[in-house]
Structures are given as structure tokens and as C-alpha cells.
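**Q** Attaching a single structure in C-alpha cells format; questions to follow.
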Amino acid sequence: MRYGYFNDESREYVITRPDTPLPWINYLGSEAYFGIISNTAGGYSFYKDARLRRLTRYRLNNVPLDSGGRYIYLRDDDAPSNRSDPNFWSPTWQPSRIPLDEYECRHGLGYTTIRSRRKDIEAQIRYFVPLGESLEIWELTITNHRDQSINLSAFLAIEFCLWDALDDATNFQRNLSLAEVEVDDGVIYHKTEYRERRNHFAYLACSEEVAGFDTQREAFLGAYRGWESPAAVEAGQLSNSMASGWQPIGAQHIKIHLDAGQQKEIIFILGYHENSQDEKFDPPESQRLNKRTVKPVIARYVQVEEVERAFQALRTYWDELLDLLQVSTPDAHTNRLVNLWNVYQVMVTFNLSRSASYFESGIGRGIGFRDSNQDLLGFLHLIPERARERILDLAATQLPSGGAYHQYQPLTKRGNDDIGSNFNDDPLWLVLSTSAYIKETDDWSILDEAVPYDNKPGTEEPLFDHLERSIGYTLDRLGPHRLPLIGRADWNDCLNLNCFSDTPGQSFQTTTNKDGNVAESVFIAGMFILAANEMADIARRRQLNEQAEAFSRAAQEMEEALWSAGWDGDWFRRAYDDFGNPIGSKQCEEGKIFIEPQGMCIMAGLGLENGRAMQALDSVAERLATPHGILLHQPAYSRYYLHLGEISSYPAGYKENAGVFCHTNPWIMIAEARVGRGNNAFDYYLRINPSVREEISDVHKCEPYVYAQMIAGHDTPMHGEAKNSWLTGTAAWNYVAITQWILGIRPTYDGLAIEPVIPTEWEGFKAVRRFRGTRYTIHVERHSPGNEIRLEVNGMPIDGSIIPTPPTGTEEVDVIVKLG
Ligand code: GLC
Ligand code: GLC
Numbered sequence: 007m008r009y010g011y012f013n014d015e016s017r018e019y020v021i022t023r024p025d026t027p028l029p030w031i032n033y034l035g036s037e038a039y040f041g042i043i044s045n046t047a048g049g050y051s052f053y054k055d056a057r058l059r060r061l062t063r064y065r066l067n068n069v070p071l072d073s074g075g076r077y078i079y080l081r082d083d084d085a086p087s088n089r090s091d092p093n094f095w096s097p098t099w100q101p102s103r104i105p106l107d108e109y110e111c112r113h114g115l116g117y118t119t120i121r122s123r124r125k126d127i128e129a130q131i132r133y134f135v136p137l138g139e140s141l142e143i144w145e146l147t148i149t150n151h152r153d154q155s156i157n158l159s160a161f162l163a164i165e166f167c168l169w170d171a172l173d174d175a176t177n178f179q180r181n182l183s184l185a186e187v188e189v190d191d192g193v194i195y196h197k198t199e200y201r202e203r204r205n206h207f208a209y210l211a212c213s214e215e216v217a218g219f220d221t222q223r224e225a226f227l228g229a230y231r232g233w234e235s236p237a238a239v240e241a242g243q244l245s246n247s248m249a250s251g252w253q254p255i256g257a258q259h260i261k262i263h264l265d266a267g268q269q270k271e272i273i274f275i276l277g278y279h280e281n282s283q284d285e286k287f288d289p290p291e292s293q294r295l296n297k298r299t300v301k302p303v304i305a306r307y308v309q310v311e312e313v314e315r316a317f318q319a320l321r322t323y324w325d326e327l328l329d330l331l332q333v334s335t336p337d338a339h340t341n342r343l344v345n346l347w348n349v350y351q352v353m354v355t356f357n358l359s360r361s362a363s364y365f366e367s368g369i370g371r372g373i374g375f376r377d378s379n380q381d382l383l384g385f386l387h388l389i390p391e392r393a394r395e396r397i398l399d400l401a402a403t404q405l406p407s408g409g410a411y412h413q414y415q416p417l418t419k420r421g422n423d424d425i426g427s428n429f430n431d432d433p434l435w436l437v438l439s440t441s442a443y444i445k446e447t448d449d450w451s452i453l454d455e456a457v458p459y460d461n462k463p464g465t466e467e468p469l470f471d472h473l474e475r476s477i478g479y480t481l482d483r484l485g486p487h488r489l490p491l492i493g494r495a496d497w498n499d500c501l502n503l504n505c506f507s508d509t510p511g512q513s514f515q516t517t518t519n520k521d522g523n524v525a526e527s528v529f530i531a532g533m534f535i536l537a538a539n540e541m542a543d544i545a546r547r548r549q550l551n552e553q554a555e556a557f558s559r560a561a562q563e564m565e566e567a568l569w570s571a572g573w574d575g576d577w578f579r580r581a582y583d584d585f586g587n588p589i590g591s592k593q594c595e596e597g598k599i600f601i602e603p604q605g606m607c608i609m610a611g612l613g614l615e616n617g618r619a620m621q622a623l624d625s626v627a628e629r630l631a632t633p634h635g636i637l638l639h640q641p642a643y644s645r646y647y648l649h650l651g652e653i654s655s656y657p658a659g660y661k662e663n664a665g666v667f668c669h670t671n672p673w674i675m676i677a678e679a680r681v682g683r684g685n686n687a688f689d690y691y692l693r694i695n696p697s698v699r700e701e702i703s704d705v706h707k708c709e710p711y712v713y714a715q716m717i718a719g720h721d722t723p724m725h726g727e728a729k730n731s732w733l734t735g736t737a738a739w740n741y742v743a744i745t746q747w748i749l750g751i752r753p754t755y756d757g758l759a760i761e762p763v764i765p766t767e768w769e770g771f772k773a774v775r776r777f778r779g780t781r782y783t784i785h786v787e788r789h790s791p792g793n794e795i796r797l798e799v800n801g802m803p804i805d806g807s808i809i810p811t812p813p814t815g816t817e818e819v820d821v822i823v824k825l826g
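In the numbering used here, the protein residues as written are 7 to 826.
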């Protein structure tokens, strides 16, 4: 069953009924000011940091679902009101949930438009954040389709958050006596804590004359009432209440007269503004907000033409980003994801890491070291300068040991002490993101950038040295089988082999009560081989031959250790526990086979020559693959194991305990492509592709336009149900798997490689890819089954699969790929 459809032309997902299985959200903003918005206008906004600069309130995990948002109420002032047939409604369905005659929500790139109709009054609200601004616009267009005139009231309402979202939701002894607002010229200014250490405030403005306002929540809602039927809306009048402590809101009342057929547009602005510390007040010795710098911003954006111009600029921004790679394949789901939604999701992960979604509260996590390095793989080619900056920010949180803070805070860019370090895969991800960056951009200068350790001035070293320390970090921590020690966890945050925890609530990630000298990770071993070989390649290209040799040798030795202790006979093992027993082996009762080492080891090139890669992949197909994607391991852990940690804390089939953890599925797609099995790779690709799953939205439940972190595994009664959509490494990795390995358009140090491993039944595909300033038009034509390729570049056959870099300034290159 579906709840909407893709409009590929307009680059939108159109939701046609409001009661989706879960709120289906979108993101507003792309630089500093962000918002989450659901298909019924739920959600919240923040400036840079979803915890520390939260503008509006939202109640996750509340009933009804999706409480708090950007609400507008319309009221037919000519009609009598009674409880059974109220004369007001919400054009976004929530919060009143009064039935609408028509409803449609269009989620686009950085904007959302909700349009509805009730009793011949049509309303459309377009929400977006103009590029470069710290504000959001709600553009309301009302049309009277009746054949007589009407007197309407529009009420807008939001609930302000007292900035720190955690404090706001917990510290009531203080925060119920804090709120302060100012109302000036119809504009509502939220200035809680401005009197003391803050120099920022929020504001709500409107293009029309305001007939009344409320800033105290209770005055607007009435005691014991909710957002679905505010007393003031019912009465048709606001009381100009001034918040003083309690719950500050912004509510405005606009009166509208519309003749038959007439249309009217109203603009609302919700914004964030900072004043310099010494110009906070006006006059200086008063407590009144200085509004001199905010007023011009407001004056600009209450104009319809300015708003339209800003909206068009936003569209152009996205169109230009998407143009960097466009494909036309025989499969509509592939085209849709590669050309649009997957790219969009990757950009959202760049902006928000794992901080704010319908599943991430915006309070908990900062920017993850491992997460962001992987997210980079998806957006390097879109925003190379910002990717460069992100790599350097991440590297600056590295520790002198080569280890890394697991997370850093976006506002300060400092490592987060609460979670600390010792996730032993972390440092290696920096090598993989940096090498991918160089392959894309050919910008070798990044390796010479001076970057501090732990952000301490005076400790700067070239980035290259940081990467060397990443490699050294693993080599300094080898276990009894000469495999890397796992530390607190590797990629799988829940495989906690040095944490034997029997205390409820104790953090599995930060509790370490074993000496850490025994438990080893085969996954890190595979990853190390991949990273050390990248370093060898980089060193060789910089004429550092001795170092190159050393990296190669280290990779070689690790490979030997891996074959002797990491191969189980039919697949790669996962790890060794604190007792020295294997995990992910036939010897185990549960958790016999895991997906991660199969993907990672084959991506590192293991087993391609001796047939073991194929063997491991056949084991995956037989033991882990389901119609809803590939499970993390099998059999699931049926009980809690003290020596395994959080992985066994989840009921069987959820999350890391044998769910379909989508992030890992593209590793298997890449591995299948590496062994030349395009049909298998693409089959796995389709199983978790959200557009394919649109058909089963009532099972899948999450948005059909983005990947979710997890799909419930077959050990649960909810098999196929997705959770944790949007902020997941699944986005970047699927993009890499489909574009670089299945379609095979892959940046290398020497130029763009084209090595498609596509389904046998595909006759070919077309792609246009911008790479290092040149536009490559690529035609792939299948001549027979198989993956043999012959390339013609600008009409001339060339040897091999890498297109030599054309002379600087070359604008266009035409490539014909004969496949089979
Ligand atoms: C979450 C984390 C990621 C981790 C994964 C597996 O997605 O953000 O860092 O690798 O879970 O545990
Ligand atoms: C939980 C989740 C895991 C995530 C981790 C982050 O363990 O299961 O997916 O990576 O929290 O702290």
C-alpha cells in the first residue's frame, strides 16, 4: 500500500493522505539554520546545534504522534461554531485533525509544501529556509473557491523552546520562571536569557497587519486544552498576552476578507538573530532588544518577490548539485535514488550527522568520527571544499596516540569527553575518507595541511602524519592472533567485548572492565588491509618509497594473520572474545556468521583470487539474505550474553541483534560487484531501495524516499518494518555501491575509471558525471553477458578502464563503453 507517489519531474515526493504510518519528514535549511518538518507540519527548528540552540518545541515519542510544529489554523468567521462542526481547521491536518476535502504534501529539496481544501477554501503553505539566512519562511496562499465572499481568520502558532533542549524538557524548577518576550510593531521577539549571557533571540514576523497576538501558552490554548482546539482560535480572538515565565509561544491573528474566487498571500517569518555582545540593548542602558540589525532582514523577507527570488535560488542550488551526476538506467528506482533522493539524503547526513531526526532527539550525539568519515564518501564530489574542511575538523580531534574521539560537538568542534575514545576502528576511517577525497579532487595539498591533535595549539602536524598515526594505532594494538584489538567496539557499536556489564542503565559504549588485551576484531583487520594499501599507494605517489613499503608489508602481515585466524572454512569470522573464543564461527551456538567481515574483507580485496570471496558471499546468500535485505548475523542472540554486550541486549531481530542493518548491505553489493556478479549486487540493491519498498509502505512504515538505518529482521514479528530513517551511513554507502561499483563510475588517482558490473539483462545505461572540472558523457552498451570492457574516449579506443585525465580546461569528454 502507498501513501503517495514520486514526482520525478518536479523532484518531489507527493504524500496524498496525512495519516502516514509514521510522520514522514523533510529537512529545511542547508547551512546554519535547520528545521525538521513532517507531512503534517510537525517538527522543530534550531540554529547549528539541535540541543543548544533549539528555537521551537517538539515532543518526540508523544501521543498523538508528531506533537509540536509550524501550525496554522483557519477560521470561517461567518460560520457559527459548535463542537460537532467547528468553524476552524488546520490546513496541515495536524494539530486539529479535522477532516479535509483535499490534502497533499510535497516534500522537495529543502522545502515542503502542504496544500489542502476544506469547504471550498484552499490553503497552501510553502516552508523553506533561504540560502545564507538564519530564518524560515512560511508562505501561506489562501483561495476562496466559494461563490460568495468570506471573512476568514488565520492564526499562526509556534511554541518557543528555551534554547537548551535538554534543560527545556527537564529543568522545570528553573525554566518555568524564565521566559521573556517583547512585542514590537506586530513582531514577537523571544528573548529568554537574553538579559544575561545570551546575545541571540528568535522572532516571528508577518507580512500583514496583525489583529492580535498571544505569547503566553495558556492564554492561547486555555487551561487543560491542547493544540488541536485552542480556546482563542475557537473564540476567534487573541488576548495580546505577554509571556512572563511559563511557556512562551508566538501566536498571531490575521483577518482576511476574500471575494469569490479571490486569492491572498501571507508571509510569516520565524528567525534567529544574534547581536554583538556590546550592542545587545537599545538604548544601551535599557533592557530592550536592539532591533537595528534584524529589522532590515524582516523588511526584506515580508515581500512576496523577495521570497520568490529566494525560493528560486534554493532550487537552482539543488539543481546544480544534482547535475554533478545524472544517470539514465533501465530501472526507475535506481534513477530516482541516484539522481535525487540518495544525494539529498547524503547531504542531510553531512549537515546533521546523527543529531536530529524523528528518531534522533537532537539532544544526544554530536558529530561521530566514524559516521562522518563515511558520510563524506557520499558527498565529496558535491561539495569538495566543505568535505575538505570536515576532514580537517575530524583530524583535529585525533589524539596523539592516533586514536580519536568518538564524537565532537558541532558548535565547538571539540572532542566529546563523555564518550571519549578507544573505538578501535575509528582512526582508520580517516584514511579512507582522505584517500577518497584525493581520488575525487586530485587535491594532494590536503596532506600537507597542519592539523593539531586534540585541538591543542602547538601540536600541529601535516595531515599525512595523522594518517600514519591512524595506521600505527592499529599496529600498536594487536592481540594474541596478531589481529587488531577491538577496544570498546569497532563499526558495530554494540559488540562490546571488553564490557561485562550487569548493571542496568550502564553505558555499553563507555564501560570498559576488561584489560582489552584479548578481544580482537577480524573486521578491523580487513579494514586495516584496505587502509594500509591506500596509504602505500599514497606514499608511493609522493615518492616516499620506504614508507610505502612499510605500509604494504603491514597489510601483507595482516592478511596472513587474517587467513590463519579469521577464516572459518566457509566465511570470515567476526572477532575473538575476551576468552579468546571466536565469534561468527560454526563453533558458536548463536551468531555463527556476521555480515560485516564478509563485506569489509572482500572490499579489501581478500579472497578474490583463491575463490574464498565467492564462497563467503554464497554463505551470505544462504544464511543472511531475506527479501527485506541482508541480516547482520544469524542465528540471532536469543538471550543476554555478559561477554558480548549490547548486541545481545536487543530482542532477536532488532538493530544490531540480527536486524537488517542497512549500512552493511552495500558492502555486500560492492563485494558482489568485485567478484563480478552484477545480478546479485543489483538484486541486493533493490531489496533495501526505499523507492522499491514504497509498494509496501504499510509494512516498511518509514519514508519511501530515504534509507532507514534498520529494517526488522526475520526473528521479529515485524519483519520488514523500518526504523531510524534519514541519519544513517546507509545513505553514503548505497550511493557508493550503486554509482561506483555497480554502475562502475569510480574516481581513482589516475582519472575516472569506468567498470560497470550491471545486471545481465540491462542493455546499458547513460551517465553524465562532472569530474575534476570536466563533464564526462558516458554511454554503456552491452554486447554480450559478462563484464569485459572496451573503452572509446572521444571516438578513440583506449587500453584499460581508466580514462586518462584530459588537458586542463577540457570541458567535455565522450566515453563509449562496450560491455560483455
Ligand atoms: C549507528 C552508529 C554507527 C555504528 C552503527 C552500528 O548507526 O551511528 O557509528 O557503526 O550504529 O553499530
Ligand atoms: C546504540 C545503537 C547503535 C548506535 C549506538 C550509538 O547502541 O544500537 O546503533 O550506534 O547506540 O551510541
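C-beta atoms are modelled at their ideal positions from N, C-alpha and C, and glycine is treated no differently.
Measuring only from the beta carbon, is K661 closer than 7 Å to any heavy atom that is part of ligand 2?
**A** To locate residue 661, count along the sequence shown from 1; it is residue 655. For ligand 2, at least one heavy atom lies less than 7 Å from the Cβ of K661.
**Q** In the DSSP assignment, the beta strand (DSSP E) including I397 goes from what residue to what residue?
**A** As a first step, residue 397 must be located in the sequence shown, where it is residue number 391. Where I397 is concerned, there is no enclosing beta strand (DSSP E), although the alpha helix (DSSP H) it sits in stretches over 390-401.
**Q** Which residue's Cα is closest to the Cα of L137: E37, A714, N587?
**A** Taking the sequence shown and counting its residues from 1, one reaches residue 137 at position 131. Considering only alpha carbons, the answer is E37.
**Q** Considering only the beta carbon of each residue, do A571 and H487 sit closer than 8 Å?
**A** By 1-based counting over the sequence shown, the position of residue 571 is 565. By 1-based counting over the sequence shown, the position of residue 487 is 481. The answer is yes: Cβ separation under 8 Å.
**Q** Out of W739, E727, E652, K729, point me to the one whose CA is closest to G511's CA.
**A** Here residue 511 corresponds to residue number 505 of the sequence shown, with the count starting at 1. The shortest C-alpha separation from G511 is found at E652.
**Q** Please name the residue or residues paired with T147 in a DSSP beta bridge.
**A** Residue mapping note: residue 147 aligns to position 141 of the sequence shown, counting from 1. Answer is Q130, E271.
**Q** In angstroms with no decimal places, state the Cα-to-Cα distance between G35 and H639.
**A** Along the sequence shown, read from residue 1 onward, the residue named residue 35 stands at position 29. Along the sequence shown, read from residue 1 onward, the residue named residue 639 stands at position 633. Roughly 38 Å separates the two Cα atoms.
**Q** Collect the residues with a C-beta less than 7 Å away from any heavy atom of ligand 4 and give them in sequence order along the chain.
**A** Although ligand 4 was asked about, the structure shown includes only ligand 1 and ligand 2 as ligands.
**Q** Might you give, ordered along the chain, the residues of its own chain that have their beta carbon closer than 7 Å to the beta carbon of G57, omitting 5 neighbours on each side?
**A** On the sequence shown, position 51 is the one that residue 57 refers to. It is worth fixing the name first, because residue 57 is Arg in this sequence and not Gly. Only D170, A171, L172, G368, I369 meet the Cβ criterion.
**Q** Can you list, in chain order, the stretches of the alpha helix (DSSP H) that have 4 or more residues and sit fully within the segment 358-445?
**A** 375-385, 390-401
**Q** From which residue to which residue does the alpha helix (DSSP H) around D190 run?
**A** Here residue 190 refers to the residue found at position 184 when the sequence shown is read from its first residue. Careful: D190 lies outside any alpha helix (DSSP H), inside the beta strand (DSSP E) at 187-190.
**Q** In the DSSP output, which residue or residues are listed as bridge partners for V786?
**A** The residue you call residue 786 lines up with position 780 of the sequence shown. Bridge partners of V786: F771, V823.
**Q** Roughly how many angstroms lie between the CA atoms of T828 and D448, to the nearest whole one?
**A** The structure shown has nothing for residue 828, since the chain only spans 7 to 826.
**Q** Hey, which unbroken runs of the beta strand (DSSP E) at 3 residues or more fall wholly within the segment 212-279?
**A** 218-222, 254-264
**Q** In three-state terms, what does DSSP make of F356?
**A** The count along the sequence shown starts at 1 and reaches residue 356 at position 350. Reduced to three states, the DSSP call for F356 is helix.
**Q** Mind checking who K729 pairs with in its DSSP beta bridge?
**A** Taking the sequence shown and counting its residues from 1, the one referred to as residue 729 is at position 723. DSSP lists M716 as partners of K729.
**Q** How big is the Cα-Cα spacing for R371 and Q404?
**A** Reading the sequence shown from its first residue, position 365 is the one you call residue 371. Reading the sequence shown from its first residue, position 398 is the one you call residue 404. R371 and Q404 have their C-alpha atoms spaced approximately 18 Å apart.
**Q** According to DSSP, simplified to helix, strand and coil, what is N348?
**A** As a working mapping, residue 348 is identified with position 342 in the sequence shown. In the structure shown, N348 sits in a helix (DSSP, three-state: H, G or I).
**Q** Terminal residues of the continuous alpha helix (DSSP H) containing I676?
**A** Start at 1 with the first residue of the sequence shown, and residue 676 comes out as number 670. Where I676 is concerned, the enclosing alpha helix (DSSP H) stretches over 671-680.
**Q** Provide the residue span of the beta strand (DSSP E) that contains F166, from first to last.
**A** Taking the first residue of the sequence shown as 1, we reach residue 166 at position 160. Element bounds for F166: 156-169.
**Q** DSSP state of S44, grouped into three classes?
**A** Here the question's residue 44 lines up with position 38 in the sequence shown. In the structure shown, S44 sits in a strand (DSSP, three-state: E or B).
**Q** Along the chain, where does the beta strand (DSSP E) containing I764 start, and where does it finish?
**A** Mapped onto the sequence shown, residue 764 falls at position 758. From DSSP, I764 is part of no beta strand (DSSP E); its letter is neither H nor E.
**Q** Taking all protein chains shown into account, decide if H263 is buried (16 or more other Cβ within 10 angstroms of its Cβ) or exposed.
**A** Locating residue 263 in the sequence shown gives position 257, where the first residue counts as 1. H263 is exposed by the Cβ-count criterion.
**Q** Opposite V333 in the DSSP bridges: which residues?
**A** Along the sequence shown, one-based indexing puts residue 333 at 327. Its beta-bridge partners are A773.
**Q** Going by beta-carbon coordinates alone, are N379 and Y741 separated by less than 8 Å?
**A** Reading the sequence shown from its first residue, position 373 is the one you call residue 379. Reading the sequence shown from its first residue, position 735 is the one you call residue 741. No, these two residues do not count as a Cβ contact at 8 Å.
**Q** Between L162 and Q258, which are expected to be in contact by the criterion C-beta below 8 Å, what is the C-beta distance as a whole number of angstroms?
**A** Taking the first residue of the sequence shown as position 1, residue 162 is located at position 156. Taking the first residue of the sequence shown as position 1, residue 258 is located at position 252. That belief holds up - the Cβ atoms of L162 and Q258 are roughly 5 Å apart, short of 8 Å.
**Q** Drop a sphere of 10 angstroms on the beta-carbon of N828, count the other beta-carbons inside from all chains shown, and report buried for 16 or more, exposed for fewer.
**A** Nothing about residue 828 can be read from this structure; the chain reaches only from 7 to 826.
**Q** Could you have a look at Y646 and say whether DSSP puts it in helix, strand or coil?
**A** Here residue 646 corresponds to residue number 640 of the sequence shown, with the count starting at 1. Three-state DSSP puts Y646 in coil, outside helix and strand.
**Q** Quick check on the DSSP output: the beta strand (DSSP E) that includes R124 runs from which residue to which?
**A** Numbered from its first residue, the sequence shown carries residue 124 at position 118. Segment 117-124, the beta strand (DSSP E) holding R124.
**Q** Under 7 Å from any heavy atom of ligand 2, does the C-beta of Q621 make it?
**A** Taking the first residue of the sequence shown as 1, we reach residue 621 at position 615. Incorrect: Q621 has no Cβ contact closer than 7 Å to ligand 2.
**Q** In the structure shown, what three-state DSSP assignment does T734 receive?
**A** The residue given as residue 734 occupies position 728 in the sequence shown. Correct three-state label for T734: coil.
**Q** Using a Cβ-Cβ cutoff of less than 6 Å, which residues in the same chain neighbour L383 once the five nearest sequence positions on both sides are dropped?
**A** For this step, residue 383 is matched to residue 377 along the sequence shown. Only A442, A738, V742 meet the Cβ criterion.
**Q** Grouping DSSP H, G and I as helix and E and B as strand, with all else coil, what is S507?
**A** Here residue 507 corresponds to residue number 501 of the sequence shown, with the count starting at 1. In this structure, S507 counts as coil in the three-state DSSP scheme.
**Q** Is it true that the CB of A679 sits closer than 8 Å to the CB of V786?
**A** Your numbering for residue 786 matches position 780 in the sequence shown. Your numbering for residue 679 matches position 673 in the sequence shown. No, these two residues do not count as a Cβ contact at 8 Å.
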